[in-house]
Amino acid sequence: MSLLRVEAVSKSFGGLKALDHVSLETPASTIVGLIGPNGSGKTTLVNVVTGQYPADGGNIFFNGEDITGLQPHEIAHKRLVRSFQITRVFPKMTVLENMLVAPPHQTGEALVSVFARRRRIMSQEKELARRALDLLRFLEIAHLCDEYAANLSGGQQKLLELGRSLMCNPLMILLDEPVAGVNPTLARKIFEKIVELKEGGMAFLVIEHNVDIVMSFCESIYVLSKGEMVAKGDPSQIQNDRRVIDAYLGG
Amino acid sequence: MVSLVSYIADTMTYVGIFGLLGISLNIEAGYTRLMNFGKVAFFAVGAYVSALLTVSGAPFLAGLAGAMLVAGLFGFLIALPTLKLREDYLAITTIAAAEIIRLVLLNERSYGLGPMGIRDIPRPLFGVFGASYPVAYMAIVWACLIAWLLVSQRIISSPFGRILKAIREDEVATEALGKDVFAFKTKSLVLGSCMAGAAGSLFAHYTSFVSPDMFMPLLTFSVWTMMIVGGTANNYGAILGALLIQAFERSTRILKDLVDIPTGAQVNLRWIVIGLLMVIFLMYKPQGILGERKVRVTPP
Numbered sequence: 061m062s063l064l065r066v067e068a069v070s071k072s073f074g075g076l077k078a079l080d081h082v083s084l085e086t087p088a089s090t091i092v093g094l095i096g097p098n099g100s101g102k103t104t105l106v107n108v109v110t111g112q113y114p115a116d117g118g119n120i121f122f123n124g125e126d127i128t129g130l131q132p133h134e135i136a137h138k139r140l141v142r143s144f145q146i147t148r149v150f151p152k153m154t155v156l157e158n159m160l161v162a163p164p165h166q167t168g169e170a171l172v173s174v175f176a177r178r179r180r181i182m183s184q185e186k187e188l189a190r191r192a193l194d195l196l197r198f199l200e201i202a203h204l205c206d207e208y209a210a211n212l213s214g215g216q217q218k219l220l221e222l223g224r225s226l227m228c229n230p231l232m233i234l235l236d237e238p239v240a241g242v243n244p245t246l247a248r249k250i251f252e253k254i255v256e257l258k259e260g261g262m263a264f265l266v267i268e269h270n271v272d273i274v275m276s277f278c279e280s281i282y283v284l285s286k287g288e289m290v291a292k293g294d295p296s297q298i299q300n301d302r303r304v305i306d307a308y309l310g311g
Numbered sequence: 036m037v038s039l040v041s042y043i044a045d046t047m048t049y050v051g052i053f054g055l056l057g058i059s060l061n062i063e064a065g066y067t068r069l070m071n072f073g074k075v076a077f078f079a080v081g082a083y084v085s086a087l088l089t090v091s092g093a094p095f096l097a098g099l100a101g102a103m104l105v106a107g108l109f110g111f112l113i114a115l116p117t118l119k120l121r122e123d124y125l126a127i128t129t130i131a132a133a134e135i136i137r138l139v140l141l142n143e144r145s146y147g148l149g150p151m152g153i154r155d156i157p158r159p160l161f162g163v164f165g166a167s168y169p170v171a172y173m174a175i176v177w178a179c180l181i182a183w184l185l186v187s188q189r190i191i192s193s194p195f196g197r198i199l200k201a202i203r204e205d206e207v208a209t210e211a212l213g214k215d216v217f218a219f220k221t222k223s224l225v226l227g228s229c230m231a232g233a234a235g236s237l238f239a240h241y242t243s244f245v246s247p248d249m250f251m252p253l254l255t256f257s258v259w260t261m262m263i264v265g266g267t268a269n270n271y272g273a274i275l276g277a278l279l280i281q282a283f284e285r286s287t288r289i290l291k292d293l294v295d296i297p298t299g300a301q302v303n304l305r306w307i308v309i310g311l312l313m314v315i316f317l318m319y320k321p322q323g324i325l326g327e328r329k330v331r332v333t334p335p
């Protein structure tokens, strides 16, 4: 049973067909890779799945529900969250504040509750802060909790973005180049964390350019080229697939 | 002696009214990055609603409540078409909305509106205090200011306020984390508008006269300068800014009697200096004098 099912999704920008009947399935508790040359539509697919762009056609199902056409914030509430290719932390908020924005259904999000249910908000804040710190410890950036996110290095910001996504209690995270611009040691470490989370039952769809990383961490791989899904399979199949080599080398 | 006390009370009354406007702009612009360049419209709506209600016999508190309600509603109406726009477009549409309001107040002749304004707006408790009225009214204004300050501080330090800040920092990311950005922005604008409405009401009952030419666009920029100088995203900064700008405006009014400046240049020179202040702060100290305070969460 697949957790995320994308069925024949299309998306055009003017005359450009960014996605042409793209289909994809990811089961729970796996890491699925999504690769393809620049401009092949990988980020567009993530944007369509998470509702940033409306799809022109096709359907998207998540956890047994049709989520086609929902707003981004509604999709996040279905426990499908994403990270961004260019990190989008909240720069002038501390690391801990960044984490605490994310949890869904906080009592203190409603203006009336801010005044009427103070005690409940305080106890909830305490509990959420504890969970945030646990996650930050897991990601090894807990010592930075009072630092403005802007002062973190690129790799630390990637970790923070991952931690923030985790605060949404996701079933699945779409990671758009989670280690772009991160040094190789930290990049491997980030992926080791992702594997650990996967073993805990979470699913990941990862856009990644680093072939070594994709081959060693992803269980199955989809290949996009010019808006079309040209191949799928396990790493060894993909490595020897003629269409993949053509897509990358321009055959 | 009495006149000096009255003068200080008068100054502090204006500081209080502008402090309210500053905090209300801070909620919108400082915390949520809603570039509201039509602040004066919400101030005007509050002033007029309160004036019309009390002139036709309603008590002051009803006028104040009505001012907040209608200004808030006006904020909601502005929010619907504009808050899905990018921030620079919001700035333009709010300037336009403010001018539309002013021109309506100027040209509409029913309900006692029009260029002559509304006079004889009742001053609350005037009979009770008599000669010490300026001090009493200052106390009323500052009580309102402190009440709104406490409300704002509570909101800003809540999870709701944290989401406003997140929207300011990155709207797309906030939406992706499951927050209904449009709803939060609307609430922020309504809240700021209610507060500006309260400031308008307090202003109308103090001057006891309102007319459309009191609500020119320059007033909006005055409030922006107060926020930028005092400290963006810091409510105490907004009050400090109101105090500094009021002190500046009043001292130059006295100064012009002592220094020889050509008559036409006096008012303009003041605006030039205020404009310069704004530019200098934006370039060299964009966080303002007080600036935003870091939120430290005590580890559990």
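One line per chain: the protein sequences are P and A, in this order. For the first sequence, the working numbering begins at 61 and goes up steadily by one. For the second sequence, the working numbering begins at 36 and goes up steadily by one. All C-beta atoms in this analysis are idealised placements derived from N, C-alpha and C, irrespective of residue type, glycine included.
- [ ] Compare the C-alpha of Ala106(A) against each of Leu118(A), Lys119(A), Asp123(A) and Ala76(A) and name the closest.
- [x] Ala76(A)
TODO: For the alpha helix (DSSP H) containing Tyr271(A), list its first residue and its last residue.
DONE: Asn270 to Leu293
Open item on the list: Taking the alpha carbon of Gly268(A) as the reference point, which residue from Leu290(A), Thr242(A) and Gly323(A) has its own alpha carbon closest?
Closed with: One point to set straight first is that residue 268(A) is Ala, not Gly, in the sequence displayed. The option with the nearest alpha carbon to Ala268(A) is Gly323(A).
Open item on the list: Contact criterion: CB-CB distance below 7 Å. Does Val225(A) meet it with respect to chain P?
Closed with: no
Task: Local conformation of Thr86(P) per DSSP, three classes - done: strand
TODO: Provide the residue span of the alpha helix (DSSP H) that contains Asp248(A), from first to last.
DONE: Run containing Asp248(A): none; DSSP gives neither H nor E here.
TODO: With DSSP as the reference, please indicate the residues paired to Thr154(P) in a beta bridge.
DONE: Tyr208(P)
Task: Validate contact between the stretch 93-108 of chain P and the stretch 71-85 of chain P using beta carbons, cut 8 Å, 3 pairs - done: yes
- [ ] Pull up the CB-CB distance for Val283(P) and Ala307(P), whole angstroms please, since I reckon it's below 8 Å.
- [x] 6 Å
TODO: Reducing DSSP to helix, strand and coil, say where Ala86(A) ends up.
DONE: helix
- [ ] For Gly165(A), I'd like the list of residues in its chain whose CB is within less than 7 Å of its CB, leaving aside the five on either flank, ordered along the chain.
- [x] none
Open item on the list: Let me see if you follow: with CB-CB separation under 7 Å, is Gly168(P) close to chain A or not?
Closed with: yes
Task: Nearest residue (CA-CA) to Ser83(P), options Gly118(P), Lys249(P), Arg248(P) and Glu134(P) - done: Gly118(P)
Task: DSSP-derived helix/strand/coil call for Pro150(A) - done: coil
TODO: Over the uninterrupted beta strand (DSSP E) stretch that includes Phe264(P), give me the two end residues.
DONE: Ala263 to Ile267
TODO: Determine which residues of the stretch 177-195 of chain A have a Cβ less than 7 Å from any Cβ of chain P, and write them out in chain order.
DONE: Arg189, Ile190, Ser193, Pro194 and Phe195
- [ ] Please classify Phe73(P): does DSSP put it in a helix, a strand, or coil?
- [x] strand
- [ ] Hey, could you find the ends of the alpha helix (DSSP H) Leu231(P) is sitting in?
- [x] Looking at the DSSP string, Leu231(P) is not in any alpha helix (DSSP H), and its letter there is neither H nor E.
TODO: Answer with yes or no whether the minimum CB distance from Pro352(P) to chain A is below 7 Å.
DONE: Lying outside 61 to 311, the shown extent of chain P, residue 352(P) is not represented and no answer is given.
Task: Residue-level contact to chain A via CB, Arg197(P), 7 Å cutoff - done: no
Open item on the list: Less than 7 Å between C-beta atoms, sequence neighbours within five positions excluded: which residues of the same chain meet that for Leu312(A)?
Closed with: Thr260 and Val264
Open item on the list: Just verifying my parser: in three-state terms, what is the DSSP assignment at Tyr282(P)?
Closed with: strand
Task: Whole-number beta carbon distance between Leu265(P) and Glu234(P), since they are thought to touch under 8 Å - done: For the record, residue 234(P) in the displayed sequence is Leu; it is not Glu. At roughly 5 Å, the Cβ-Cβ gap stays under 8 Å, so Leu234(P) and Leu265(P) are in contact.
Open item on the list: For the stretch 205-218 of chain A, list every residue whose C-beta sits within 8 Å of some C-beta in chain P, in sequence order.
Closed with: Asp205, Val207, Ala208, Thr209, Glu210, Ala211, Leu212, Gly213, Lys214, Asp215 and Val216
Open item on the list: 7 Å is my cut-off, CB to CB: does Arg142(P) come that close to chain A?
Closed with: yes
TODO: Taking 8 Å as the threshold, find out whether the stretch 51-63 of chain A comes into contact with the stretch 214-232 of chain A through three or more Cβ pairs.
DONE: yes
TODO: Consult DSSP for Phe72(A) and reduce its assignment to one of helix, strand or coil.
DONE: coil
Open item on the list: Considering only their Cβ atoms, is the gap separating Gln217(P) from Thr147(P) smaller than 7 Å?
Closed with: yes
- [ ] State yes or no: is the beta carbon of Phe277(P) nearer than 7 Å to at least one beta carbon in chain A?
- [x] no
Task: Three-state secondary structure assigned by DSSP to Leu312(A) - done: helix
TODO: Could you name the residues of chain A that Arg302(P) contacts, counting a contact when the two beta carbons are closer than 7 Å?
DONE: Correct list: empty, because the minimum Cβ distance to chain A is about 37 Å.
TODO: Measure the CB-CB distance between Val245(A) and Ala102(A) and report whether it falls below 7 Å.
DONE: no
- [ ] Between the Cα of Ala192(P) and those of Val172(P), Leu222(P) and Ser89(P), spot the shortest distance and give me the residue it belongs to.
- [x] Leu222(P)
Open item on the list: Pairs of beta-carbons, one from the stretch 228-242 of chain P and one from the stretch 166-175 of chain P, closer than 8 Å: are there three or more?
Closed with: no
TODO: Taking Lys200(A) as the query, report the chain C residues whose CB atoms sit under 9 Å from its CB, ordered along the chain.
DONE: The chain inventory of the structure shown lacks chain C, comprising the protein chains P and A.
TODO: Take Ala78(P) and list the residues in its own chain whose beta-carbon comes closer than 7 Å to its own, dropping the five residues that flank it on each side.
DONE: Lys71, Ser72, Gly101, Thr104 and Gly287
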